[in-house]
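So the sequences go chain by chain: A and B. According to this note's numbering, the first sequence is numbered sequentially starting from -16. According to this note's numbering, the second sequence is numbered sequentially starting from 9.
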Amino acid sequence: MAEKDNYSGMVDGINGLIDRQIFANEKIYSIELERVFTRSWLLIGHETQIPNNGDFISSRMGAESVILCRDPNRKIHVFLNTCTHRGMKVCLYDEGNTATFTCPFHAWSFATDGKLVGVPHEKDLYSKSLDKEKWSLIEVAQMYNYKGSIWATWDKSAPNFIEYLGGAKDHLDLALDSLDGSEGGTEVFGGVHKWISPCNWKVPAENFCGDSYHNVSHISVDMVGIGPSAGSGEKGRRDNELVDAQHLWISFPGGHGIHSAMKPANNEYIEAYKDNPIVEEYYRHCYKERELKLGERARIVPFVGTIFPNTSFHGRQPRALCSWHPNGPQSSQISRFFLVDKAAPKEVKDLVRRYYMRYAGPAGMTEQDDMENWNQATASCNGAIARRFPFNYQQSMGDYKINDPVPGMVSTQMTEENARQFYKCWASYMESQDWGKIMSHPAQTATGNGI
Amino acid sequence: MNDLGEKNKLRRDDYYYRLKQEIEEFLYDEAELLDQRNFSEWLDILSDDLIYFMPIRRNVKFGTHNEKENTREGYDISWFEEDKWTLSKRIDQIHTGKHWAEEPLSRVSRMITNIQLQNVKPTMQEPCEVGIKSRFLIYQNRSENECNTFYGKRSDILRLETGVWKLIRREIILDQNILMAKNLSIFF
Ligand code: FES
Ligand SMILES: [Fe+2]
């Protein structure tokens, strides 16, 4: 494997072949931690999880624990959760409020802006040597608060977050903006799903960047009906809001893959959330408002997407941001928080919260079946024989247009193009290419204005 | 969870032990139904207004456990906040034979122990509603070699409905922070 570090060769987008070893090999995994996860932008959390000064949550970047906190000047920080003295975790909690992170080992203590403020017996033991300024908590190179969602990278030279998102921004907005089209305005429910699943992190990341072909795997839940109108007798796992829409599979520079949809020109509201008339009315009202605010742009409605490398989102039913943290070549630690309009009435918050719980995550009736498939697909990549046989990524080869009908590399039929582009980008990171190469993409080169 | 302090502790008399025996039998019968995959019959012992709740559990600072350790019913995202309708949907899903997380079916054994009664209403002599604390140990084996073990505490309320005990509330406290199993595809 990887003798010549020929990662481009392992993910052959021209022929639509991907080597199974990238989902199993220990060495490839450790190189990913080094070359993908120290450079790309990763999701950390959401500002509404830390509303007050001194609030913190623990999160993760790649395989490492990080702290998201708010200092006394309301500034948000992301630190590696490791003491600069001997490495002990300085934060042992999932969430809380504190003035300092005091290390349990030798009690160095750090303020919530990262500064080392307390060293036991400092005068006696360190008077000649210790420059406390140099031993702050290790902070990320760049952090960005995008409509409340917090992102960070360890790479100073990475493009800023907005540039990194490029055209995918318009689609991430569909999850982060309020349903009535006003900017931002979403909040996170208390309670973050965190679980461990024996699959390679790329499998679910790819799944969310537009594998609509796997719809059939959810047949059981579709037969039964669990959507927000299921109580009124509707089948399916969600409402039929996209029934008249043109589905779009869009790949963007930087490897992001989006599945959204475009409503017809009349952009008719389709009745949904029928299980509670107050909720139905709210969605109907917001739909109209959004159309007034955004006009033509309101025709784009969300489905799912992956922001390279390991952040995925559901845009509407359900509505959540999720990280697939690498946890070994055949294991992912997954975390997901769920979004709702801050201004939504209680009935809306109640109904969607209960819907999210029965839909998503390890207890969710839909995602349970995903997990089973992701895991066994990952496990297959171990076989001495099986790994001689690449996976087939030949769906809808060449069936895309550039910037038509929306910006990006767009397919109007189901496609594995988003996945092919995802892995092409992955190979650029793995071969330590510069940012120009990483961000190069058909949508960019064809028009010169991809990002 | 209700506190079983000395103050609230029921007197250990004949009435207590007789009722406890009856309740134990109920819980063992229930476990048997589930272990034998008689899911539809299990549904019959659930009251129509059942609440079935499993919070997510956080690591929090000493002294904040009461408010912060568990996600809140009615406000937060938890592992489960279900009613009889959603549980019946879960059973229908298994019965499609295409619910890949439970197809083929897992092999599951439920051990229910440490059963203690609390809050018997209106009287011990003629109970209509009983609060029960217990522990569970559930072994799940699926596919070829996949195993999960779930340990935790349950806090149940049973109510007598037309002469039959029905489960009206189950709070499941799973002793895990990050969920170690890829799925919670079984009933607790
Ligand atoms: S490891 Fe933190 S103070 Fe020594
Ligand atoms: Fe899925």
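Ideal placement from N, C-alpha and C gives every residue a C-beta, glycine not left out. All figures in this text were calculated on a predicted structure; none of them were measured in a lab.
- When secondary structure is reduced to three states using DSSP, F34(B) falls in the helix class.
- Within the same chain, and ignoring the five residues on either side of E272(A) in sequence, the residues whose Cβ sits closer than 7 angstroms to its Cβ are D163 and G164.
- For R282(A), not one C-beta of chain B is nearer than 7 angstroms to its own C-beta.
- Within the same chain, Cβ atoms closer than 6 angstroms to the Cβ of E224(A) are found at I253 and A255, the five residues on either side in sequence being excluded.
- Taking 7 angstroms as the Cβ-Cβ cut-off, the region 354 to 373 of chain A approaches chain B at M354, E355, N356 and N358, given in chain order.
- Bridge pairing for N64(A): absent [DSSP].
- If you draw a 10 Å sphere on the C-beta of Y196(A), you find fewer than 16 other C-beta atoms in it, and that means exposed.
- With a 10 Å radius around the Cβ and a threshold of 16 neighbouring Cβ atoms, K246(A) comes out buried.
- When the Cα atoms are used, I368(A) and S161(A) turn out to be separated by approximately 50 angstroms.
- Following the DSSP letters along the chain, one finds W307(A) inside the beta strand (DSSP E) bounded by residues R302 to P309.
- With distances taken between CA atoms, L148(A) lies nearest to G240(A) out of D417(A), T21(A), G240(A) and V287(A).
- Of the candidates D77(A), A90(A), F62(A) and A402(A), F62(A) places its Cα closest to the Cα of M44(A).
- Around the beta carbon of E116(A), fewer than 16 other beta carbons sit within 10 angstroms, so the residue counts as exposed.
- By DSSP's assignment, C155(B) forms a beta bridge with N149(B).
- Using a Cβ distance threshold of 7 angstroms, S203(A) and T131(B) do not count as a contacting pair.
- Rounded to whole angstroms, the Cβ separation of W184(A) and L187(B) is 17 angstroms, and the two are not in contact under 8 angstroms.
- According to the DSSP assignment, G(-8)(A) belongs to the alpha helix (DSSP H) that extends over Y(-10) to M(-7).
- Taken through DSSP and simplified to helix, strand or coil, L75(A) comes out as coil.
- Counting C-beta atoms within 10 angstroms of its own C-beta, I261(A) has fewer than 16 neighbours from the protein chains shown and is therefore classed as exposed.
- No residue range can be given for N191(B), since it is assigned to no beta strand (DSSP E) and is classified by DSSP as neither H nor E.
- Not flagged as an interface residue toward chain B: P236(A), since no C-beta distance is shorter than 7 angstroms.
- Fully enclosed alpha helix (DSSP H) runs of no fewer than 4 residues occupy 329 to 342 and 350 to 363 of the region 304 to 388 of chain A, in order along the chain.
- Chain B has a Cβ within less than 7 angstroms of the Cβ of F172(A).
- For T136(A), the number of other beta carbons within 10 angstroms of its own is at least 16, and it is reported as buried.
- Between the region 406 to 425 of chain A and the region 212 to 221 of chain A, the count of C-beta pairs closer than 8 angstroms stays below three; the two stretches do not touch.
- Within the model, the alpha-carbon separation for Y60(B) versus R162(B) is close to 11 angstroms.
- When C-alpha distances from D(-12)(A) are compared across F6(A), T361(A), R3(A) and K10(A), the shortest belongs to K10(A).
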